[in-house]
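Chemist: Before I ask anything, let me first share the structure, which is written out below as structure tokens.
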Amino acid sequence: MLKQIEGSRAVAEAVALCRPEVICAYPISPQTHIVEGLGEIVKSGELAPCEFINVESEFAAMSVAIGSSAAGARSYTATASQGLLFMAEAVYNASGLGLPIVMTVANRAIGAPINIWNDHSDSMSQRDCGWLQLFAETNQEAADLHIQAFRLGEELSMPVMVCMDGFILTHAVERVDIPTQAQVDAFLPPYEPRQVLDPNEPVSIGAMVGPEAFMEVRYLAHAKQTMALERIPVIAQEFEERFGRASGGLVRPYRCEDAETIVVALGSVLGTIKDTVDEMRAAGIRIGVLGIQSYRPFPLAAVRAALQEAKRVVVLEKSFSVGLGGVVSTDVRVALSGIQLQGYTVIAGLGGRAITKASLARTFAEAIAGTLQPLTFLDLDWRIVNRQLERERQTRRSGPIAENVLRDVGPVAAKVA
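Using the numbering used here, read the sequence shown as starting at 797 and increasing by one per residue.
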């Protein structure tokens, strides 16, 4: 059914159609509307049997989800930003125990300073925790990916994050096709847990593992991620056949067939990049974009196949590895190992800063001309940066090496500017 609906509400309705039996809720912007919507659905009696559990923290939310999933209940929660960091210990436990919990991450910057707007810092901070990470470009895809996530997680017995851009998607009202209960029931079978706590057949879950077996346990987690590389496109194909639209998969190329320059990105910014690519194509520039839907597991072979004929690759990312540069760029470089082409990392949109077509077109043109820096910060105000570095250089600090360090830092920033 086509609805003009807020992204968060669309996700809430899609999750409800998956018939979760336990929903753990703790509010944090910008995911709050999702669990609020689910709370209304549970209270109305539309989703039964289902326990909607208000908890005292994000750590408690994941802990409750672990307990309910281990007891054999289809379990769901949502979080963002500092909330994801607060539950980090339990996040690792969920994947280590092989529990198919589905969690929405409404992507938001991590402080300090405090910032509630969108970037991908939160999900990227947990990229090695053992969860699958699926990124949505649109609200339609966000709703669809949750349905696929329950199927995928339960087939492989591993947890799944569905990542959608906070505010840009969660609070945007647009047209979304919400499937029927019968459609979802036909696609998503009832949950049959691979492992379950049962008083009649007692087992230990989460016991201590010593050095003699810990590496093997971690390898098995990696092995299941590689299995997901096979199952994600298969499930996405079945979803398309049943629901009549393409959603999910590993990667999605756009106008890449003859592209000399390909831009790689995740999430809602793909829409703006596609508009920019269309305008540049109209001007005769051979450029395309590769959207990554599955960030973990990272589809090395699919990325390599999509990019290997290009002359240059620009990875635009809404996260930043301080002291190194790009996060996604590192994975792309692994995929392109041995292939000689120009590679650029563009950090953009941190803390919710707007990413405009004008800025993108200028940056892509610089990459094509060979004048773009290997690591570029889109629309960074160097005046502010250099003024602060100069202030710190001139201000006396305690410690024997502080003045030398700050004396050396100032001129470097000025040169970069």
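Ideal placement from N, C-alpha and C gives every residue a C-beta, glycine not left out.
Quick one: grab the DSSP three-state call for Gln1021.
Modeler: As a first step, residue 1021 must be located in the sequence shown, where it is residue number 225. Gln1021 falls in the helix class under three-state DSSP.
Chemist: Could you check the C-alpha separation between Gly1002 and Val1110 for me, to the nearest Å?
Modeler: In the sequence shown, residue 1002 corresponds to position 206, counting from 1. In the sequence shown, residue 1110 corresponds to position 314, counting from 1. Going from the Cα of Gly1002 to the Cα of Val1110 covers about 42 Å.
Chemist: As a quick exercise: from Asn1182, Lys799, Glu1186 and Asp1175, pick the residue whose alpha carbon is nearest that of Thr976.
Modeler: Looking up residue 976 in the sequence shown gives position 180. Thr976 has its Cα closest to that of Lys799, out of Asn1182, Lys799, Glu1186 and Asp1175.
Chemist: Given Ala1209, which residues of its chain have a CB within under 8 Å of its CB, disregarding the five upstream and five downstream residues?
Modeler: One-based indexing of the sequence shown puts residue 1209 at position 413. With a pLDDT of 46 at Ala1209, under the threshold of 50, the predicted position of this residue should be treated as unreliable, though the coordinate-derived value follows. Cβ neighbours of Ala1209 beyond the five flanking positions: Trp1178, Val1181, Asn1182 and Leu1185.
Chemist: Can you look up Gln800 in the DSSP assignment and give me helix, strand or coil?
Modeler: Numbered from its first residue, the sequence shown carries residue 800 at position 4. The answer is strand: DSSP assigns Gln800 an E or B state.
Chemist: Considering only the alpha carbon of each residue, which of Glu802, Ala908 and Thr966 lies closest to Ala874?
Modeler: Counted from its first residue, the sequence shown places residue 874 at position 78. The shortest C-alpha separation from Ala874 is found at Thr966.
Chemist: With distances taken Cα to Cα, identify the nearest neighbour of Pro845 among Leu1132, Val956, Leu813 and Pro1095.
Modeler: Working through the sequence shown from its first residue, we reach residue 845 at position 49. When each option's Cα is compared against that of Pro845, the closest is Leu813.
Chemist: Under the rule that 16 or more other beta-carbon atoms within 10 Å means buried, what is Ile862, buried or exposed?
Modeler: Stepping through the sequence shown from its first residue, residue 862 is reached at position 66. The residue is buried, with at least 16 neighbouring Cβ atoms inside 10 Å.
Chemist: Please look up how many angstroms separate the CB atoms of Glu950 and Pro896, rounded, as I've assumed it's under 8 Å.
Modeler: On the sequence shown, residue 950 is found 154 positions in, with the first residue counted as 1. On the sequence shown, residue 896 is found 100 positions in, with the first residue counted as 1. About 5 Å separates the two Cβ atoms, so the contact holds.
Chemist: Taking all protein chains shown into account, do 16 or more other C-beta atoms lie within 10 angstroms of the C-beta of Tyr872, making it buried, or fewer, making it exposed?
Modeler: What you label residue 872 is simply residue 76 of the sequence shown in a count that begins at 1. Classification of Tyr872: buried, given that the 10 Å Cβ count is 16 or more.
Chemist: Name the two residues that bound the continuous beta strand (DSSP E) containing Tyr822.
Modeler: Reading the sequence shown from its first residue, position 26 is the one you call residue 822. Note, Tyr822: premise wrong, no beta strand (DSSP E); not H, not E.
Chemist: Would you say Thr1141 and Thr1159 are within 9 Å of each other, going by their C-beta atoms?
Modeler: Residue 1141 sits at position 345 when you count from the first residue of the sequence shown. Residue 1159 sits at position 363 when you count from the first residue of the sequence shown. Cβ distance not < 9 Å, so Thr1141 and Thr1159 don't count as in contact.
Chemist: Quick check: the region 854-870 against the region 974-991, are at least 3 beta-carbon pairs closer than 8 Å?
Modeler: As far as the Cβ criterion goes, the region 974-991 touches the region 854-870, which means the pair count is three or higher.
Chemist: Alpha carbon to alpha carbon, what distance is there between Val1099 and Pro1049?
Modeler: Here residue 1049 refers to the residue found at position 253 of the sequence shown. Here residue 1099 refers to the residue found at position 303 of the sequence shown. So the two alpha carbons sit approximately 9 Å from each other.
Chemist: So for Ala1042, helix, strand or coil by DSSP?
Modeler: By one-based count along the sequence shown, residue 1042 stands at place 246. Note: Ala1042 maps to coil in three-state DSSP.
Chemist: With distances taken between CB atoms, is the gap from Ala1024 to Gly1045 smaller than 9 Å?
Modeler: As a position in the sequence shown, residue 1024 is number 228, starting the count at 1. As a position in the sequence shown, residue 1045 is number 249, starting the count at 1. Not in contact: Ala1024 and Gly1045 (Cβ atoms no closer than 9 Å).
Chemist: Rounded to a whole number of angstroms, what is the C-alpha to C-alpha distance between Met797 and Ala810?
Modeler: The residue you call residue 797 lines up with position 1 of the sequence shown. The residue you call residue 810 lines up with position 14 of the sequence shown. Answer to the nearest angstrom: the Cα atoms are 12 Å apart.
Chemist: Could you spell out where the alpha helix (DSSP H) holding Tyr888 opens and where it closes?
Modeler: To locate residue 888, count along the sequence shown from 1; it is residue 92. Unbroken alpha helix (DSSP H) run through Tyr888: Ala884 to Gly892.
Chemist: Pairs of beta-carbons, one from the region 1069-1078 and one from the region 1148-1159, closer than 8 Å: are there three or more?
Modeler: Touching, yes, given that three or more Cβ pairs across the two stretches are closer than 8 Å.
Chemist: With C-beta atoms as the reference, is Asp981 less than 9 Å away from Phe1039?
Modeler: Here residue 981 refers to the residue found at position 185 when the sequence shown is read from its first residue. Here residue 1039 refers to the residue found at position 243 when the sequence shown is read from its first residue. Against a cut-off of 9 Å, the Cβ pair of Phe1039 and Asp981 comes out as no contact.
Chemist: Runs of 4 residues minimum, wholly inside the region 864-951: which ones carry the alpha helix (DSSP H) assignment?
Modeler: With a minimum length of 4 residues, the continuous alpha helix (DSSP H) runs that stay inside the region 864-951 are 877-882, 884-892 and 917-921.
Chemist: What did DSSP end up calling Tyr1223 once you bin it into helix, strand or coil?
Modeler: The first residue shown for the chain is 797 and the last is 1213, placing residue 1223 beyond what the model contains.
Chemist: Is the region 903-913 touching the region 1135-1151, taking contact as three or more C-beta pairs under 8 Å?
Modeler: Yes, they touch.
Chemist: In this structure, does DSSP put Arg1158 in helix, strand or coil?
Modeler: Looking up residue 1158 in the sequence shown gives position 362. Reduced to three states, the DSSP call for Arg1158 is helix.
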